[in-house]
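Chemist:
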Amino acid sequence: MGALIFYTAIYFLGYYAAHLLNLIIGGTLIRNRRISGLLAVFMVSLVHGYKVISTTPPHGHDEEISHALGFYIILPIIVIMIAVAIRIWQESGDRDIP
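In the numbering used here, the protein residues as written are 6 to 103.
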């Protein structure tokens, strides 16, 4: 649960950073802010995954590296990707309705 909240916060930081950059520039430098939010999540997840793989697990945790990667990195990213895909799909469907 904590990893999902962490990656959701990273997503919104990337999303609003793209929005703020567009406001500062005064134009549309980044057209799709949702994709820029996902890129921020992917970049942080790469660093997080490297950190999980390169360090030894703490004492008292019998989890394997694959379990830690799957539960704390891959699962939250998949949930965020599905939510963003649904949101993009809903917005594209709204344009078709007159």
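Heads up, the beta-carbon is just placed ideally off N, CA and C, and yes, glycines get one too.
1. When burial is assigned at 16 or more other CB atoms within 10 Å of the CB, is ALA14 buried or exposed?
2. Evaluate ILE83 with the Cβ neighbour count: other Cβ atoms within 10 Å of its Cβ, from every protein chain shown; 16 or more gives buried, anything less gives exposed.
3. What did DSSP end up calling PRO81 once you bin it into helix, strand or coil?
4. Considering only the alpha carbon of each residue, which of ILE93, SER50, PHE17 lies closest to LEU74?
5. In chain order, what residues of the same chain have a beta carbon less than 7 Å from the beta carbon of ILE93, not counting five sequence neighbours either side?
Modeler: Checking against the coordinates, here is how it stands:
1. Residue numbering aside, residue 14 sits at position 9 when the sequence shown is read from its first letter. ALA14 comes out exposed.
2. Stepping through the sequence shown from its first residue, residue 83 is reached at position 78. Answer is exposed; the Cβ neighbour count stays below 16.
3. Within the sequence shown, the letter at position 76 stands for residue 81. Correct three-state label for PRO81: helix.
4. Locating residue 74 in the sequence shown gives position 69, counting from the first residue. With distances taken between Cα atoms, LEU74 lies closest to SER50.
5. Position 88 of the sequence shown, counting from 1, holds the residue named residue 93. Here the set comprises ARG39.
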